[in-house]
Structures are given as C-alpha cells and as structure tokens.
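Encoded as structure tokens, the structure appears first; notes follow it.
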Amino acid sequence: MGHDLSKAHLYESVKSVVDLDGYPHLHFCQHKLFCLFSIAFQYFLFQSTKKPGAYIIRIEDSMLADKLARRAKDQSTRRFLNTLLLPRKYKYNKSVFYLDFFHIGSWNLTNDIPKKNVQGAIIVKNSSSSPMNSISEEVPGAEVAEDGPVIPDLPPNYFYTSLQEFVPKTVIIAYESEWENTHKVEFPFIKKQQKKTISGVTLGGDLDWDSFE
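Counting in numbering that gives the first Met the number 0, the sequence shown runs from 0 upward without gaps.
Now the structure itself:
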C-alpha cells in the first residue's frame, strides 16, 4: 500500500517505545492514527515474544477496526488485524491477541482471561465524545427502557481505566484529549498539523489529509 511507514521510521519508533519501559501507560497523542496504530501494534508484537501472555486490542467500534485493518501503515499489521477481526482471538507464537470494542457486550472473551496473564493492551479512540453510550441489548447489567437499552452506571472512560487497573503496559491512541496517569509520546517524523485554506475557506487542524483515499 502506498505511503506505508518506511522500515527505518517503524523500527526507530518501536525502539523508542521499548526505551520507555519505565512508563507503564503511554498516550500516543498525535493525529496520524494509522501510523500510530502500526507503531503500537508492532511494539506489542515484539513484546509478545519477550513476555508471552495475553494482549488486548480494544478499538472504539468495529467500523474503526475495519479501517485500521485496511489502512494501517505497514503490511504486517494490516494482515494480522484482518486475521484477528474474526473470531477476535489469534495465537501468535506463545502469546494470544484478543480484539474487543468499547461496548462491554464485546468483552466476553477478554473478561475470561486471567488478569495475571495479560501483558499489554492497545486502546484506540476515534472521535466520539461518549463512546460507551452506543451499546447493544446484550450488555450485561444494562437496564432496558421503553426507548431501548440504557448504559449501566460506569465510571468515566471505563473502556480504558478498567484496563489500567491491572494491565502492566498500555498504549492509548487518542488525538486532542488528556488521559490521567499516562506519559505522552510524540514521534519526530510526524509533523504537527497545519490549517489549510482552499478558495478562502480555512479548514481546521482536525482533518487528517493523509486519511483520504
């Protein structure tokens, strides 16, 4: 695929994350979602060979997972995530990778993993302000009202904080947001966004021009 990360950028980026071993929870805060996911995934793929166990990939929704499987910035990550989409569990050497989403109805596989076995997790947030409000009727503990299911009374950002409590290493990928108890990571090859003007109309910096197909 065109515009993949160069091997040098990917290697150096993963190496820089490995060097941050003293920080248990990392926040990839830049705007290049597909680049950042490739770096985070390749980092945990490497870690899985050093620390075998369970690794969780928690993505905001299935639509975003499909996009990442098509547009992550290296072939290995795209191929692996495509394999993981169904059945959301894949054994790699002595480790197992699991895929779930921000609604707790999708956590049936990951809830069954003994917590001591979980070695790492990637959390990928898109743009929803309240990403856990879109839940399905099978959500355990949800009260059903006349207008549909109601989300259980959960703490803010539970899709992430619930993992922080027991996972020794996490990477959250989220642009223009703040996350407690995390260390921000920026990669020097990713340039800061600049506003662009077309025919006198200024477009905000939240548009990722490289994401258009």
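All residues carry an ideal CB built from backbone N, CA and C; glycine is no exception.
Under the Cβ criterion (8 Å, minimum of three pairs), the segment 10 to 18 counts as touching the segment 39 to 54. Shortest Cα-Cα distance from Arg57 to any of Pro51, Asn92, Leu108 and Lys49 involves Leu108.
Residue pairing of Arg57 in beta bridges, as defined by DSSP: Asp99 and Ile122. Excluding the 5 residues flanking it on each side, Glu59 has same chain C-beta neighbours closer than 6 Å at Phe101, Lys124, Asn125 and Pro130, in chain order. Residue pairing by DSSP puts Thr169 in a beta bridge opposite His24 and Ala120. Approximately 15 Å separates the beta-carbon atoms of Thr82 and Phe36; this is outside 8 Å, ruling out the contact. Rounded to the nearest angstrom, the gap between the Cα atoms of Val95 and Val184 is 26 Å. Cβ-Cβ separation between Asp3 and Lys66: approximately 15 Å, too far for a contact (criterion under 8 Å). The beta carbon of Leu63 lies closer than 8 Å to those of Val123 and Asn125 in the same chain, with the five residues before and after it left out. Cβ contact annotation for Ala120 (same chain, cutoff 6 Å, sequence separation greater than five): Ile55, Leu162, Val166 and Thr169, in chain order.
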